[in-house]
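Under full-length UniProt numbering, the letters of the sequence shown match residues 1 to 301, in that order.
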Amino acid sequence: MFKKLVKPPAKTEPDFRTVALPEDSETLLSPYSDHENGLPKPASPPKRRRNLLPLAVILPAVLCFLFGVWLGNSSYLLDADKFCTRQVRLYWSPVLDAISPNYSPVKFNGSFLNENIYRQPASPAVDAAWEALGINYRSMGIPAGSAASAGLSTSQHVQISGEHMASGGFVADLEGLHHLHCLDLLRQGLGWNIEYYKARGTGPWRDGDDFARKHVTHCLDILRQQLMCAPDLSVLGSVWVIKDEPGAKAKPFVDFNTRHKCVDFEAVRAWAEAAQLNGGDMKADGFFVQPGEGEAHVGLP
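Shown next, in the form of structure tokens:
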């Protein structure tokens, strides 16, 4: 038979040799090759990333410190009542630096037939109740440095001399108490009260009917503007009422006994009482800085 002409390849041993590579050459295992033991190992993080690590720790700490300093110097932010009250005010008020509004729920006395002391006919007891609200407190002094923040200016408003108030100041009244004064004057001018006060001859009632009418209508319009400036946005529901008589039918009647979130009026009143200027000082010569030429109004505004 035919002999095979092709011989099978001779067995050879694999030729393994060590080949030197340049230091900057890339290999299949790069960058995880361990040339010492052939085992993979994690690559070292870039130097730049390692340098940013301390900054990532220190920067938040510094920011937290600065925020704490700022928050400490803005203590009113921690008092939500003060913060909210400031937000709706155009000017600064010394009251907010002294006390917190301390808003709290209050149920209004909306009784239609049961009269409390403030609604009763004129009498010494009724007058005392209104007086206790602070409606006739004396003025307070606003430091000259705070005048602009309070909406006061040297060209328009009466000033207190430096002899009676350190560094000078301005005479001022708390507007909320003036509103109560106006409400009391409207009460006095009611048809069933007015003769009582005319007979006493105090306040505007001693200046004649025409001037008294101007005073009362001034107060009326001040209260109108105040109520329109800050209208109560609460709603009034109704309740069923029925007369105590045979055959009566129940009818809807507005429920005026509503709940509101109110400023702590007593705290405001107490502050205003303590802030009053000395009555004797106010009558002394030189207490007020006299107006310059053209600064005084001719007649009442």
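Just so it is clear, CB atoms sit at the ideal spot from N, CA and C, and this is done for glycine as well.
These figures come from a predicted structure and were not determined experimentally.
Residue i to residue j span [Cα, whole Å]
| i | j | result |
| --- | --- | --- |
| alanine 80 | leucine 96 | 12 Å |
| aspartate 285 | serine 161 | 10 Å |
| asparagine 193 | leucine 183 | 14 Å |
| aspartate 34 | leucine 66 | Note that aspartate 34 has pLDDT 47, beneath the 50 cutoff, so the model's placement of it is unreliable and the number below is only indicative. Distance between the alpha carbons of aspartate 34 and leucine 66 is about 48 Å. |
| isoleucine 135 | valine 62 | 52 Å |
| alanine 98 | lysine 82 | 11 Å |
| glutamate 295 | glycine 110 | 47 Å |
| serine 234 | valine 268 | 24 Å |
| serine 167 | serine 153 | 15 Å |
| aspartate 221 | valine 88 | 22 Å |
| lysine 214 | glycine 247 | 50 Å |
| alanine 274 | valine 158 | 21 Å |
| histidine 181 | proline 60 | 55 Å |
| serine 123 | threonine 258 | 29 Å |
| serine 155 | glycine 145 | 15 Å |
| glycine 299 | isoleucine 242 | 56 Å |
| residue 302 | glycine 201 | Residue 302 lies beyond the residue range present for the chain, which begins at 1 and ends at 301; the question has no answer from this structure. |
| alanine 212 | leucine 186 | 11 Å |
| histidine 260 | leucine 236 | 12 Å |
| asparagine 278 | aspartate 173 | 14 Å |
| lysine 107 | valine 126 | 22 Å |
| tyrosine 76 | threonine 85 | Unreliable placement is indicated for tyrosine 76, whose pLDDT of 49 sits below 50; no coordinate value is reported for it. |
| aspartate 232 | valine 263 | 14 Å |
| methionine 282 | glycine 292 | 20 Å |
| histidine 164 | arginine 119 | 41 Å |
| lysine 198 | valine 216 | 13 Å |
| leucine 177 | alanine 150 | 17 Å |
| proline 301 | histidine 218 | 11 Å |
| phenylalanine 16 | isoleucine 58 | Its pLDDT being 49, under 50, phenylalanine 16 is placed unreliably in this model, and the value from its coordinates should be taken loosely. Looking at the two C-alpha atoms, the distance is approximately 55 Å. |
| asparagine 102 | aspartate 255 | 26 Å |
Residue environment, residue i, which counts as buried when at least 16 other CB atoms sit within 10 Å
| i | result |
| --- | --- |
| alanine 147 | buried |
| valine 171 | buried |
| alanine 272 | buried |
| proline 31 | Note that proline 31 scores 47 on pLDDT, short of 50, meaning its location in the model is unreliable and no value can be drawn from it. |
| glutamine 188 | buried |
| alanine 250 | exposed |
| cysteine 64 | exposed |
| methionine 228 | exposed |
| proline 204 | buried |
| histidine 297 | exposed |
| proline 121 | exposed |
| glutamate 26 | Reliability of the predicted coordinates at glutamate 26 is poor, the pLDDT of 48 falling under 50, and no value is obtained from them. |
| tryptophan 130 | buried |
| tyrosine 91 | exposed |
| proline 94 | buried |
| proline 105 | exposed |
Coarse secondary structure for residue i, derived from DSSP in three states
| i | result |
| --- | --- |
| lysine 243 | coil |
| histidine 178 | helix |
| serine 100 | coil |
| glutamine 276 | coil |
| residue 342 | Here the chain has residues from 1 to 301 only, and residue 342 is not among them. |
| isoleucine 58 | helix |
| proline 124 | helix |
| proline 143 | strand |
| glutamine 156 | coil |
| phenylalanine 83 | helix |
| phenylalanine 112 | coil |
| glycine 292 | coil |
| valine 95 | helix |
| alanine 172 | strand |
| leucine 190 | coil |
| alanine 129 | helix |
| leucine 90 | coil |
Residues bridged to residue i [DSSP beta-bridge criterion]
| i | result |
| --- | --- |
| lysine 107 | Arg259 |
| phenylalanine 287 | Answer is none; phenylalanine 287 lacks a bridge partner. |
| alanine 166 | In DSSP, alanine 166 forms no bridge with anything. |
| alanine 150 | DSSP output for alanine 150 lists no bridge partner at all. |
Residue-chain proximity (residue i, chain B), Cβ-Cβ < 8 Å
| i | result |
| --- | --- |
| histidine 260 | Reference to chain B is not applicable here, since this structure consists of a single protein chain. |
Runs of 4 residues minimum, wholly inside the stretch 194-272: which ones carry the alpha helix (DSSP H) assignment? Runs of the alpha helix (DSSP H) inside the stretch 194-272: 194-200, 209-229.
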